[in-house]
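In my numbering, the protein residues as written are 3 to 202.
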């Protein structure tokens, strides 16, 4: 019994370490590929505007593609399934996009990644503890919990934050318009006073 408990604890530690390594590696590779694609699009737009020379970043993109293929091969060896490795890469990509695009509120920036890593770690812990039995079902459950956290944070924190920012912008625009209108009225009054003073 002591050996089984010790093995369970060490399996949780090992699964957490493997999850951090896989998730950080996938996120870094995907962000680097997005950066290279963005640089290529900017160079293409500059070429269309200024008729310059275009250099396609073939080597960095090929390096990223080969690195992602190698990462998927390593993960498929760990999970004994290529589809599971692909879906994990896809889940990390979706979470990275959500964190980059949809996370504007300080509460979401501070706490959503904790829920993502918790739900993602639950899959790794289950797979590593029970040797991959029903790992597809565990991955689906983990993805549903991650999706629920996305919807919850977006509905409870991001939408009110966006609406508050929009209302603040409307108030600022209305104040600017009122100030401009007051300045125009003051200028018109000054012009009328000057005209009355110059009249005999």
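Ideal Cβ positions, reconstructed from N, Cα and C, are used throughout, including at glycine.
- Judged by DSSP secondary structure, residue 79 falls within the alpha helix (DSSP H) whose first and last residues are 60-81.
- If you check the CB distance, residue 121 and residue 147 come in under 7 Å.
- Under the 10 Å beta carbon count, residue 84 is surrounded by fewer than 16 other beta carbons and is classified as exposed.
- DSSP, read as helix, strand or coil, puts residue 136 in coil.
- Sorting 194, 90, 158 and 30 by C-alpha distance to the C-alpha of residue 123 places 90 at the top.
- Excluding the 5 residues flanking it on each side, residue 14 has same chain C-beta neighbours closer than 8 Å at 127, 130 and 131, in chain order.
- DSSP places residue 36 within a helical segment (H, G or I) once states are collapsed to three.
- Here the region 60-73 makes contact with the region 30-47; the two share three or more CB pairs at distances below 8 Å.
- When the five nearest sequence neighbours on each side are left out, the beta carbons in the same chain lying within less than 7 Å of the beta carbon of residue 77 are those of 24, 87 and 90, in order along the chain.
- Ranked by Cα distance from residue 149, the options 21, 106, 115 and 44 are led by 115.
- Per DSSP, reduced to three states, the secondary structure at residue 13 is helical.
- For the pair residue 75 and residue 179, the Cα-to-Cα distance works out to about 60 Å.
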